[in-house]
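Peer 1: Take 0 as the starting number for the sequence shown in numbering that gives the first Met the number 0 and just add one per residue. To start, I am sharing the structure in question, which I have written as structure tokens.
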Amino acid sequence: MSDTALVVFGTIITILLIGGIVFSLLEFKRMHDNPKLENMSDRQPAKDSKPSRPVKVSKDEY
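Now the structure itself:
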């Protein structure tokens, strides 16, 4: 490859890497600034929330 092609290729790769890092940092900051949005709802249920399906135990099972 010629020197110009290497410079163009390296520049494109560098821009993509820097863009990915910046995007990841912005998403990380957004998730921690707004912890109660939908994207955090599947992490942990609220401490005072009821289970989604009640568990019924009949008396003759124990």
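The beta-carbon is built from N, C-alpha and C at its ideal position, and this holds for glycine as well. None of these values were measured; they are calculated from a predicted model.
Rounded to whole angstroms, what is the Cα-Cα separation between Gly9 and His31?
Peer 2: Gly9 and His31: Cα-Cα distance of roughly 33 Å.
Peer 1: If we ignore side chains and look at the alpha-carbon of each, how far apart do Val7 and Ser1 end up?
Peer 2: Cα-Cα distance, rounded: 10 Å.
Peer 1: What's the gap between the Cα of Arg29 and the Cα of Gly19?
Peer 2: Answer to the nearest angstrom: the Cα atoms are 15 Å apart.
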